[in-house]
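A.B. asks: If you read the sequences in order, they're chains A and B. Mapping of the first sequence onto our numbering: residues 16 to 110, in sequence order. Mapping of the second sequence onto our numbering: residues 77 to 627, in sequence order. Heads up, the beta-carbon is just placed ideally off N, CA and C, and yes, glycines get one too. The structure presented is a predicted model; accordingly, all values stated were derived computationally and were not measured.
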Amino acid sequence: MKAVTGNRLTDGAVVYLADDDQWTVQLSRAVRIGDNDALDALSAAQTRVHEIADAYLIDIAENGAPGGRARIRESIRRAGPTVRPDLARQQETAA
Amino acid sequence: MYRYDEFDATMVAERVRQFRGQVERRLSGDLSEEEFKPLRLMNGLYLQLHAYMLRVAIPYGTLSSAQMRALAEAARKYDKGYAHFTTRQNLQYNWPALVDVPDLLDDLAKVEMHAIQTSGNCIRNVTSDQYAGAAEGEVEDPRIWCEVIRQWSTFHPEFSFLPRKFKIAVTASDHDRAAIKVHDIGLRLHKNDQGEAGFEVIVGGGLGRTPYIGHTIREFLPKRHLLSYLEAILRVYNLQGRRDNAYKARIKILVNATGGDDFAGLVEEEWSKIDKKEIDLPAEEIARIEDYFAPPAFEALSADSEAFEQKRKEDQAFDRWARLNTHAHKAPGYAIVNISLKPISGIPGDATDKEMDAVAAIAEQYSFDEVRVTHEQNLVLPHVRKDNLYTVYKALDAAGLATANIGLVSDIIACPGLDYCSLANTRSIPIAQRISERFADLGQQEDIGELKIKISGCINACGHHHVGHIGILGVDKKGEEFYQITLGGSGAEDASIGEIAGRGLSSDEVVDAVEKLVEFYRQHRQGGERFLDAYRRLGADKFKEALYAAA
């Protein structure tokens, strides 16, 4: 499964496209998209230039965490710098 | 220190105003990200993993206390209370919101600071020796020429869209603290047989995916011709540098494809066509800039300080700090103080707002209002009276800034890596933290002696791993973090590119590997040999064997 992610335009915060078509900071609320529909979802998201700085697709593993080759990078984007736990984004309970 | 004239002030104010308009148009959707990206990059604003990142220029690494305080205030007001000093003597904010950046830049402009020349394919902020104007044996203050280059290169219309970024470093000492041989242009001010000062011009060095040590294309360039000669180099590069492939676009590729001697010929030919009087600064203008860098009013002191020697006897920790973190000053009775931003387990180069404020206050009172930033991600108080060293040490210690490890195994360069950077493949900082924890004992560190470990989280080599005595490069192997060790690099006057030691190591193995190398060195060193000296004497194979020997 895939999800659409990006950085919020105003402050660069990591966001994901949610079920209600809004951007959410919680990966657990991100809409899971089947691989066949992912590119269409991304194209639609990329037109929202006044909301996000860029958008791309990430792999989501079965347990809801970032998966695939970029899983370390996307796990760090989701949680914040591993060397500053004091600045961690609110940790979500496992989905 | 250099002070802005009306041109500088106007230029910076206009640039902020212009950028404010660009940000407004981006926020309203009038500009797409594609259109906005080159504009924000020209103002030092990147987009990283978690947020925007603003890189602020610290020209030739020199700051006043007021500037340091303004940097601290901006960290409080617009960031999360800290900032990061980089390997190019700059400062990065990790969390500024786009909507706040114009205000942040306005605040910095009040203390003559900006983010110009910190990004994009232009001549970047010029770097220098952090001991400039203070070091014993220096020909003259290299910052005079850094400032000349800054004024010439800022918004230079011909060189604003070069094939790729362009970095210049200047030193005026025999001991190279500015890594001039791994810059696009390295300039070494020295004296010829007639006693005149001029530049050795070194071109085409660099790190990244294709590391090179620079070629000397001129042994001696009279100082007054610096700008016309630089202009000739930049013209040859601008015309002949590759624009078809970003990975082959740096001048190092051109110089090495052309050959150093042939490249020198091209520069000389171009230089012969340039009307030097049009470009080289008149003597009065050089003198005007020189005046800004006149030495501070040092008192006439005796070389030794009884108070200092007495305290060294009384306080062992102070004695160690004095031995490792201070350096000989050209003025009798003064010392150069290094402030380590590498506490054990700390993040290399990070400083909190409180730490920056503390340094500003100490510099104001004890170092003629001056602070320097080093490319090794530390700070320097350039002019401290030996009589005041103990007081300064105590004040630094109270601020958590008295780690006595300059040049030692825990004084590690590390790029931000995958904890922050969108280009990184792996994390760098946790490796640095774990190495410093492994060698936490300062006595043991001092026994190991000078050992430069440099860590990059990707092949772009912001962590200078190629020139580490031990270099560590993070590579992604099918979604796992691996680390490749290079050995025998140096960024100093004995510059060399490290050799790859062998297969990559997992994150768990890498600290043990460093320890094995250090142990091998300790067993086989002779006399006062540094790690690097022992490596060069014994050869790569012996160290590789030690590294990969079955545990």
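1. Would you say Val-29 of chain A faces chain B, with C-beta separation under 8 Å as the test?
2. Which residues, taken in chain order from the stretch 31–53 of chain A, show a beta carbon closer than 9 Å to some beta carbon of chain B?
3. At a Cβ cut of 8 Å, what residues of the stretch 79–96 of chain A count as close to chain B, listed as they run along the chain?
4. Hey, Ile-488 of chain B and Val-456 of chain B: beta-carbon distance below 8 Å or not?
5. Going along chain B, which residues have a C-beta under 8 Å from Thr-25 of chain A?
6. According to DSSP, Met-144 of chain B sits in a beta bridge with which residue or residues?
7. State yes or no: is the beta carbon of Gln-509 of chain B nearer than 8 Å to at least one beta carbon in chain A?
8. Using 8 Å as the threshold, is the stretch 317–333 of chain B in touch with the stretch 350–369 of chain B, meaning 3 or more CB pairs across them?
9. Secondary structure at Lys-243 of chain B, three-state DSSP: helix, strand or coil?
10. Could you list which residues in chain B have their beta carbon closer than 8 Å to that of Leu-102 of chain A, in chain order?
11. Inspect the beta-carbon positions of Asn-197 of chain B and Arg-164 of chain B and report whether they are closer than 8 Å.
12. Closest to Ile-199 of chain B by CA distance: which of B:Ser-140, B:Phe-161, B:Pro-135, B:Asp-179 is it?
13. In chain A, which residues lie with their C-beta within 7 Å of the C-beta of Ile-278 of chain B?
14. List, in chain order, every chain B residue whose beta-carbon is nearer than 7 Å to that of Val-64 of chain A.
15. Below 9 Å between beta carbons is the criterion; list the residues of the stretch 554–584 of chain B that meet it against any residue of chain A, in chain order.
16. Quick one: what's got a C-beta closer than 8 Å to Arg-606 of chain B's C-beta in the same chain, skipping five residues either side?
17. Could you spell out where the alpha helix (DSSP H) holding Phe-596 of chain B opens and where it closes?
18. Whose C-beta lies closer than 8 Å to the C-beta of Ala-146 of chain B among residues of the same chain, with five residues either side of it excluded?
19. Please list the residues of the stretch 477–504 of chain B that have a C-beta atom closer than 7 Å to any C-beta atom in chain A, keeping them in chain order.
20. Find the nearest neighbour of Ser-195 of chain B within the set B:Ser-204, B:Ser-236, B:Cys-222, B:Arg-219, judged by alpha-carbon distance.
21. What does His-160 of chain B touch in chain A if you count any residue whose Cβ is under 7 Å from its own?
22. List, in chain order, every chain B residue whose beta-carbon is nearer than 7 Å to that of Ala-68 of chain A.
23. Just to confirm the assignment: which complete alpha helix (DSSP H) runs, minimum length 4, are found wholly within the stretch 350–409 of chain B?
24. Give the C-beta separation of Ser-486 of chain B and Ser-504 of chain B to the nearest angstrom, bearing in mind that I take them to be a contact with Cβ-Cβ under 8 Å.
25. Quick one: measure Cβ to Cβ for Lys-406 of chain B and Ala-210 of chain B, integer angstroms, because I've assumed they're closer than 8 Å.
26. What residue from B:Lys-387, B:Ala-248, B:Gly-284 has the CA that sits closest to Trp-221 of chain B's CA?
27. Listing by chain order, which chain B residues have their CB less than 8 Å from the CB of Val-98 of chain A?
28. Closer than 6 Å by C-beta to Thr-20 of chain A: which residues in its own chain qualify, once you throw out the five before and the five after it? Chain order, please.
29. What's the C-alpha gap between Lys-418 of chain B and Pro-100 of chain A?
30. For Lys-530 of chain B, does the three-state DSSP call read helix, strand or coil?
31. In this structure, does DSSP put Asp-26 of chain A in helix, strand or coil?
32. From what residue to what residue does the alpha helix (DSSP H) around Thr-428 of chain B run?
33. Taking the alpha-carbon positions, what's the Leu-111 of chain A to Lys-156 of chain B distance?
34. Note down the Cα distance separating Ala-255 of chain B from Gly-105 of chain B, rounded to an integer number of angstroms.
35. Excluding the 5 residues flanking Phe-515 of chain B on each side, which residues of the same chain have their C-beta closer than 6 Å to its C-beta?
C.D. replies: By the coordinates alone:
1. At a cut-off of 8 Å between beta-carbon atoms, Val-29 of chain A makes contact with chain B.
2. Taken residue by residue, none of the stretch 31–53 of chain A has a beta-carbon sitting less than 9 Å from a beta-carbon on chain B.
3. Residues passing the 8 Å Cβ filter: Gly-83, Arg-84, Ala-85, Arg-86, Ile-87, Arg-88, Ile-91, Arg-92, Gly-95, Pro-96.
4. No Cβ-Cβ contact shorter than 8 Å links Ile-488 of chain B with Val-456 of chain B.
5. Here the neighbours are Leu-103, Ala-173, Leu-174, Val-175.
6. Under DSSP, Met-144 of chain B shares a beta bridge with no residue.
7. For Gln-509 of chain B, the closest Cβ of chain A is nearer than 8 Å.
8. No, they do not touch.
9. For Lys-243 of chain B, the three-state secondary structure derived from DSSP is coil.
10. Within chain B, the residues placing a beta-carbon under 8 Å from that of Leu-102 of chain A are Lys-156, ordered along the chain.
11. Their beta carbons are not under 8 Å apart, which means Asn-197 of chain B does not touch Arg-164 of chain B by this criterion.
12. Nearest of B:Ser-140, B:Phe-161, B:Pro-135, B:Asp-179 to Ile-199 of chain B, Cα basis: B:Pro-135.
13. Per Cβ cutoff of 7 Å: no residues; Ile-278 of chain B is ~36 Å from chain A at best.
14. Ordered by position in chain B, the residues that pass the 7 Å Cβ test against Val-64 of chain A are Gly-105, Ser-108, Glu-109.
15. If the cut-off is 9 Å between Cβ atoms, the stretch 554–584 of chain B has Lys-554, Gly-555, Glu-556, Glu-557 near chain A.
16. Scanning its chain for C-beta atoms nearer than 8 Å, with the 5 sequence neighbours on each side dropped, one finds around Arg-606 of chain B the residues Gly-525, Glu-526, Leu-527, His-545, in chain order.
17. Following the DSSP letters along the chain, one finds Phe-596 of chain B inside the alpha helix (DSSP H) bounded by residues 583–600.
18. Same-chain partners within the cutoff: Asp-183, Leu-184, Lys-186, Val-187, Met-189.
19. Under the 7 Å Cβ criterion, the stretch 477–504 of chain B contributes Leu-494, Asp-495, Tyr-496, Arg-503.
20. That would be B:Ser-236, whose Cα lies nearest to the Cα of Ser-195 of chain B.
21. Neighbours of His-160 of chain B in chain A, taken as residues whose beta carbon is under 7 Å from its own, are absent, since the nearest beta carbon is some 11 Å off.
22. Contact of Ala-68 of chain A with chain B by beta-carbon distance below 7 Å involves Glu-109, Leu-123.
23. Qualifying alpha helix (DSSP H) stretches, in chain order: 352–355, 359–368, 382–390, 392–401.
24. Contact doesn't hold; Cβ gap of about 15 Å is too wide.
25. Between Ala-210 of chain B and Lys-406 of chain B the Cβ distance is about 6 Å, and since that is below 8 Å, they are a contact.
26. When only C-alpha atoms are compared, the closest one is B:Ala-248.
27. Taking a Cβ-Cβ threshold of 8 Å, the residues of chain B close to Val-98 of chain A are Ile-423, Asp-495, Arg-503, Ile-505, Pro-506, Gln-509, in chain order.
28. Taken in chain order, the residues that qualify are Tyr-31, Ile-73.
29. Within the model, the alpha-carbon separation for Lys-418 of chain B versus Pro-100 of chain A is close to 19 Å.
30. In the structure shown, Lys-530 of chain B sits in a strand (DSSP, three-state: E or B).
31. In the structure shown, the three-state DSSP call for Asp-26 of chain A is coil.
32. Careful: Thr-428 of chain B lies outside any alpha helix (DSSP H), inside the beta strand (DSSP E) at 426–428.
33. With chain A running from 16 to 110 in the structure shown, residue 111 of chain A is simply not present.
34. Distance between the alpha carbons of Ala-255 of chain B and Gly-105 of chain B is about 43 Å.
35. Short of 6 Å from the beta carbon of Phe-515 of chain B, and not among the five residues preceding or following it, lie these beta carbons of its own chain, in chain order: Val-485, Ser-486, Gln-521.
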